[in-house]
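Enquirer: Residues in the sequence shown are numbered consecutively from 12, following this note's numbering. Yeah, the Cβ is synthetic: ideal placement off N, Cα and C, and Gly gets one too.
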Amino acid sequence: LEFRRVLFRSSNMFKHETQVINFLLHWYSMNVRNLPWRKKNTLNLPDPYFVFVSEYMLQQTTVNTVKNKFNDFILKWPSLNKLAQTSEPNILKFWSGLGYYSRARNLLKSAKIIHKNFKNNIPKTYDELIQLPGIGDYTAKAILGIGFNQSVMPLDANIERILVRLYAIDKPINKVKNKLKDLGKKFISDKYSSNLIQSFMDYGSEICLPRNPKCNICGINKFCQSYKKNLQQKIPLKLKKKTTKPIKYTRAYVIVNEKNEILVRSRPNKGMLASMLEVPNDVWVKNKKLLTTDQDIQKIKTKLQSKGSFEYSFSHFDLETEIFYGNVKKAKLSKSNWIKKSSYSSSRMPTVMKKIVDIAV
Numbered sequence: 012l013e014f015r016r017v018l019f020r021s022s023n024m025f026k027h028e029t030q031v032i033n034f035l036l037h038w039y040s041m042n043v044r045n046l047p048w049r050k051k052n053t054l055n056l057p058d059p060y061f062v063f064v065s066e067y068m069l070q071q072t073t074v075n076t077v078k079n080k081f082n083d084f085i086l087k088w089p090s091l092n093k094l095a096q097t098s099e100p101n102i103l104k105f106w107s108g109l110g111y112y113s114r115a116r117n118l119l120k121s122a123k124i125i126h127k128n129f130k131n132n133i134p135k136t137y138d139e140l141i142q143l144p145g146i147g148d149y150t151a152k153a154i155l156g157i158g159f160n161q162s163v164m165p166l167d168a169n170i171e172r173i174l175v176r177l178y179a180i181d182k183p184i185n186k187v188k189n190k191l192k193d194l195g196k197k198f199i200s201d202k203y204s205s206n207l208i209q210s211f212m213d214y215g216s217e218i219c220l221p222r223n224p225k226c227n228i229c230g231i232n233k234f235c236q237s238y239k240k241n242l243q244q245k246i247p248l249k250l251k252k253k254t255t256k257p258i259k260y261t262r263a264y265v266i267v268n269e270k271n272e273i274l275v276r277s278r279p280n281k282g283m284l285a286s287m288l289e290v291p292n293d294v295w296v297k298n299k300k301l302l303t304t305d306q307d308i309q310k311i312k313t314k315l316q317s318k319g320s321f322e323y324s325f326s327h328f329d330l331e332t333e334i335f336y337g338n339v340k341k342a343k344l345s346k347s348n349w350i351k352k353s354s355y356s357s358s359r360m361p362t363v364m365k366k367i368v369d370i371a372v
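(1) So the alpha helix (DSSP H) residue 179 belongs to, where does it begin and stop?
(2) Rank 97, 218, 84, 187 by C-alpha distance to the C-alpha of residue 64 and give the top, closest one.
(3) Closest by CA to residue 257, which one among 298, 328, 212?
(4) Name the one or two DSSP bridge partners that residue 321 has.
(5) Taking 7 Å as the limit between beta carbons, can you name the residues of its chain near residue 2, skipping five residues before and five after?
(6) How do the segment 266-275 and the segment 93-103 stand: do at least 3 beta-carbon pairs fall below 8 Å, yes or no?
(7) Starting from residue 202, trace the alpha helix (DSSP H) both ways and give me its first and last residue.
(8) Using the DSSP secondary-structure output, state which residues sit across from residue 273 in a beta bridge.
(9) Once DSSP output is grouped into helix, strand and coil, what is the label at residue 337?
(10) Looking only at its chain, what residues have a beta carbon closer than 7 Å to the beta carbon of residue 38, apart from the 5 residues adjacent to it on each side?
(11) When we look at the beta-carbon of residue 243 and count the other beta-carbons within 10 Å, is it buried (16 or more) or exposed?
(12) Run through DSSP, which three-state label would residue 114 get?
(13) Would you give the residue range spanned by the alpha helix (DSSP H) that residue 60 belongs to?
(14) For the alpha helix (DSSP H) that residue 368 lies in, which residues bound it at each end?
(15) If we count Cβ pairs, one from each stretch, closer than 8 Å, do we get three or more for the segment 173-184 versus the segment 153-160?
(16) Suppose the cutoff is 7 Å on Cβ atoms and the five residues either side in sequence are ignored; what does the same chain contact list for residue 358 look like?
(17) Look at residue 372 and residue 265 and say whether their C-beta atoms are less than 8 Å apart.
(18) Is it the case that the Cβ atoms of residue 305 and residue 293 are separated by a distance below 8 Å?
(19) For residue 126, which residues of its own chain have a beta-carbon under 7 Å away from its beta-carbon, when the five flanking residues on both sides are left out?
(20) Using the beta-carbon count (16 or more within 10 Å), is residue 41 buried or exposed?
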């Protein structure tokens with residue numbers, strides 16, 4: 012309650028929202044980032060389909076990583092109708108390198124729903140968008156605001172950071188999410204929502220940086236309570252660092268036949284890296300002593316050569332993998348699946364499996 016009282020007083024002190032909006036719109040017109048998903052349509056707005064795709068790609072992935080991948084995606088699936096016709100293995104193969112493969116599956120599921128229920132048109136209401144797989148409050152508002160110029164304010168990390176600094180909120184962002192939504196409403200534009208949202212995002216990426224913000228050249232520093240109180244280096248407050256990520260262990264087996272093909276199989280359709288290709292590997296365990304040799308490998312009578320080990324970091328744990336290499340005649344495993352050694356890097360293997368093969372071969 013005391014925090015709410017303090018924040019209410021500070022928000023009453025801040026009467027310059029209109030000036031901030033006008034400045035950011037002008038700054039954006041001069042400094043807009045050239046991003047492929049911002050290509051304008053006949054309504055002089057970013058194509059809603061481009062926004063739709065980019066928002067899935069940008070979840071937990073940096074702009075620079077997404078840029079080139081996005082262009083290739085649009086070349087392959089230039090419309091929602093085209094995307095809705097593809098298969099999950101195809102989109103998972105394309106998604107390799109972006110990580111968080113559930114986003115690809117959700118994107119495809121949503122495309123198929125829109126194809127069936129909305130005649131290939133991206134929904135224009137919050138209630139319709141929020142029902143789609145993989146779309147939450149932020150993504151729904153980003154699509155509505157950027158793609159359709161609707162009067163909303165989605166809060167990404169850049170916008171949240173600007174708000175907590177403007178109002179000198181000395182609480183970690185995760186602790187004040189609802190308050191930031193209320194403050195964000197102060198900056199909703201009736202006419203220029205698309206540009207204003209993107210101006211906030213770009214300003215956070217270029218000026219109001221997470222570390223060492225460029226306050227000396229900031230055009231809204233006179234309205235910034237953190238700047239006035241010399242708190243801009245401390246705000247946003249950080250949550251205490253989480254404990255070290257747990258480690259899981261496995262052994263992976265790269266088996267090659269006389270035709271230079273690699274033995275592969277599909278992972279289960281649920282769980283980590285669902286439905287993607289993998290080389291045979293032991294069940295991932297937290298205790299290394301509990302490792303048991305994969306059943307497919309037990310059936311193969313071939314000498315295995317150790318190729319060392321490496322550690323791959325997932326979001327919630329690190330995977331330590333010991334890698335083995337072996338040769339076998341294809342006829343002995345005639346019912347198995349193989350991919351050419353020369354093409355594994357473009358297959359629907361996730362990055363961790365590609366790195367395993369890289370080390371082995």
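Expert: Let me spell this out:
(1) No alpha helix (DSSP H) contains residue 179, which DSSP labels as neither H nor E.
(2) 84
(3) 328
(4) 332
(5) There is simply no residue 2 to check, as the chain begins at 12 and stops at 372 in what is shown.
(6) no
(7) No alpha helix (DSSP H) holds residue 202; DSSP gives it neither H nor E.
(8) 267, 350
(9) strand
(10) 210, 214, 230
(11) Buried, because 16 or more other Cβ atoms sit within 10 Å of the Cβ of residue 243.
(12) helix
(13) 59-69
(14) Per DSSP, residue 368 belongs to the alpha helix (DSSP H) from 362-371.
(15) no
(16) 104, 288, 350
(17) Contact: yes.
(18) Using a Cβ distance threshold of 8 Å, residue 305 and residue 293 count as a contacting pair.
(19) 91, 92, 95
(20) exposed
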